[in-house]
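Number of protein chains: 2
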Amino acid sequence: MYSIGDLSRRTGVKIPTIRYYEQMGLIEAPERSEGNQRRYEKRELERLAFIRHARDLGLSIEAIRDLLALSEHPERPCGEADRIATEHLASVREKIARLRKLESELERIVACHGDHTIGDCYVIRALADHSMCESEH
Amino acid sequence: MYSIGDLSRRTGVKIPTIRYYEQMGLIEAPERSEGNQRRYEKRELERLAFIRHARDLGLSIEAIRDLLALSEHPERPCGEADRIATEHLASVREKIARLRKLESELERIVACHGDHTIGDCYVIRALADHSMCESEH
DNA sequence: GTAAACACTCCAGCGACTATAGATATGAGG
DNA sequence: CCTCATATCTATAGTCGCTGGAGTGTTTAC
């Protein structure tokens, strides 16, 4: 039996976050002690570790809920799980592409090295005038 | 004189967002018509375009507020503006690095191609067991 | 003069937590 | 058994940067 603090230490998920996950339906409401404190089994520890890992990988609560529901049915085909992960990979790749554009635009903008005044600062001028940009963003 | 709708069309910033920026102190409360509607000058159009551009580049409201304050003093040195942009570039680079790790982890995970069952699905097993990962994330 | 289009304020909601306040429970040492 | 530090409880509000809706009033084009 673990207290919520034990669970938190073992998974690295903060206590209020665990309660939040319970509210969001990612973990079931556990048994309670006589004094109304949450008491968890190993099962729930594992489930929380799964959630933590998926969140670290950037999956949404919604996606995790779906994956957890799938994992309750080991006999079913795993196409859906694969689809969720693949879609998430695509969205990660989009974010990377977008950030790379920002990176190169910012690189150009900060080429001004702070050795003059605001009046002719490239940072400020570039922000004021979108047409100074190389690409759309 | 522009109405809030004109401003919105010309900058691509949605109307509620313009009002939100006013609330946040990024743009001043403009004059009003007899019927209490906002009426803007060209100055405010340019200021909003600046904000839009900076937001597109991912700068926070806070950072934009600072940059706008700096741009009011063209005679001052621009080291601070440079610092803000440089710091932001660094944070963009961090995000990219992090997403790249996620990308490669997800690539490994989705290598399972949905042609079997949940019970032996790599996606589910990898999420349940962090030690299957190549690197920290 | 009328109707469509536009704008006003206020407030709630998004996602995924995080923090606070004030009350109660638990567990270890004396 | 008692005390006390620590842990936990609930409920609520705040974070960021918007976005949407309800209900009402204004402007403009015909």
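So the protein sequences, as listed, match chains A and B.
So for the first sequence, the numbering used here puts the first residue at 1250; every next one is plus one.
So for the second sequence, the numbering used here puts the first residue at 1250; every next one is plus one.
Glycine included, C-beta positions come from ideal geometry on N, C-alpha and C.
- Task: Report, in whole angstroms, the separation of the C-beta atoms of B/Glu1352 and A/Leu1338, which I expect to be a contact under 8 Å.
- Result: The C-beta distance from B/Glu1352 to A/Leu1338 rounds to 7 Å, short enough to meet the 8 Å contact threshold.
- Query: Looking only at DSSP bridge pairs, what is A/Tyr1251 linked to?
  - Reply: Residue pairing by DSSP puts A/Tyr1251 in a beta bridge opposite A/Tyr1289.
- Query: What residues match up with A/Thr1366 in a beta bridge as DSSP calls it?
  - Reply: BP columns for A/Thr1366 point to B/Pro1326.
- Item | Three-way DSSP call (helix, strand, coil) for A/Glu1321 in this model | Three-state result, A/Glu1321: coil.
- Message: Among B/Arg1357, B/Leu1294, B/Leu1319, B/Ala1375, whose alpha-carbon lies nearest the alpha-carbon of A/Asp1369?
- Response: For the set B/Arg1357, B/Leu1294, B/Leu1319, B/Ala1375, the Cα lying nearest the Cα of A/Asp1369 is the one of B/Leu1319.
- Would you grab the beta carbon distance between A/Leu1294 and A/Thr1266 for me? Rounded to a whole angstrom, and I think it's under 8 Å. In this structure A/Leu1294 is not in contact with A/Thr1266, their Cβ atoms being roughly 15 Å apart against a cut-off of 8 Å.
- Quick one, which residues of the region 1259-1291 of chain B are near chain A if we go by CB-CB under 8 Å, in chain order? Flagged: no residues at all.
- Please compile the residues from chain B whose C-beta is within a distance smaller than 8 Å of the C-beta of A/Asp1315. Here the premise fails: no neighbours, minimum Cβ distance about 11 Å.
- Message: Using the Cβ count rule (16 or more neighbours within 10 Å means buried), how would you classify B/Ala1278?
- Response: Classification for B/Ala1278: exposed.
- Task: Could you name the residues of the same chain whose beta carbon sits closer than 7 Å to that of A/Arg1301, not counting the 5 residues immediately before and after it, in chain order?
- Result: The answer, listed in chain order, is Thr1260, Gly1261, Val1262.
- Query: Of all the residues that make up the region 1353-1382 of chain A, which are near chain B by a beta-carbon distance shorter than 9 Å?
  - Reply: Within the region 1353-1382 of chain A, the qualifying residues are Glu1354, Leu1355, Glu1356, Ile1358, Val1359, Cys1361, His1362, Gly1363, Asp1364, His1365, Thr1366, Ile1367, Gly1368, Asp1369, Cys1370, Tyr1371, Val1372, Ile1373, Ala1375, Leu1376, Ala1377, Asp1378, His1379, Cys1382.
- Which whole-angstrom value is the C-beta distance of B/Ala1334 and A/His1379, which I expect to be below 8 Å? At roughly 16 Å, the Cβ-Cβ gap does not stay under 8 Å, so B/Ala1334 and A/His1379 are not in contact.
- Task: Reducing DSSP to helix, strand and coil, say where B/Glu1280 ends up.
- Result: In the structure shown, B/Glu1280 sits in a strand (DSSP, three-state: E or B).
- Item | Within chain B, the residues that A/Leu1297 reaches when beta carbons sit closer than 7 Å | Within chain B, no residue comes near A/Leu1297; the closest Cβ sits about 11 Å away, beyond 7 Å.
- the region 1308-1336 of chain B: positions lying closer than 9 Å to chain A by Cβ: Residues passing the 9 Å Cβ filter: Leu1308, Ile1313, Leu1316, Leu1319, Ser1320, Glu1321, His1322, Pro1323, Glu1324, Arg1325, Pro1326, Cys1327, Gly1328, Glu1329, Ala1330, Asp1331, Arg1332, Ile1333, Ala1334, Thr1335.
- Straight-line Cα distance separating A/Ser1340 from A/Ala1330: Taking the straight line from one Cα to the other gives about 16 Å.
- Message: So that I know if they touch, is there some Cβ in chain A lying closer than 9 Å to that of B/Leu1387?
- Response: Within the shown structure, residues of chain B are numbered from 1250 to 1386, placing residue 1387 of chain B beyond reach of any answer.
- Message: Is A/Leu1306 close to chain B? Criterion is C-beta to C-beta, closer than 9 Å.
- Response: Yes, A/Leu1306 lies at the interface with chain B (some Cβ there is under 9 Å from its Cβ).
- Residues near A/Met1381 by beta carbon distance below 6 Å, same chain, minus five either side: Listed in chain order, the non-local C-beta contacts of A/Met1381 below 6 Å within the same chain comprise Ala1375, local neighbours out to five positions each way being set aside.
- Message: Let me check understanding here. Comparing Cα to Cα, which of A/Glu1290, A/Gly1307, A/Ile1367, A/Glu1280 lies closest to B/Arg1332?
- Response: Looking at the Cα atoms, A/Ile1367 is the closest of the given residues.
- Task: In angstroms with no decimal places, state the Cα-to-Cα distance between A/Ala1360 and A/Tyr1371.
- Result: Approximately 8 Å between the Cα atoms of the pair.
- Rounded C-alpha distance that separates B/Glu1271 from B/Glu1336: Approximately 26 Å, taken between the alpha carbons.
- Item | Whole-angstrom distance between A/Ile1310 and A/His1365, CA atom to CA atom | One alpha carbon belongs to A/His1365, the other to A/Ile1310, and they sit about 48 Å apart.
- Determine, using beta carbons only, whether A/Leu1294 comes closer than 9 Å to chain B. Taking Cβ atoms only, chain B never reaches closer than 9 Å to A/Leu1294, which makes this a no.
- Message: Please confirm whether A/Leu1348 has its beta-carbon closer than 9 Å to some beta-carbon of chain B.
- Response: By this cut-off, A/Leu1348 is an interface position.
- Message: Would you say B/Ile1253 lies against chain A (beta-carbon separation less than 9 Å)?
- Response: Cβ-Cβ to chain A under 9 Å: no for B/Ile1253.
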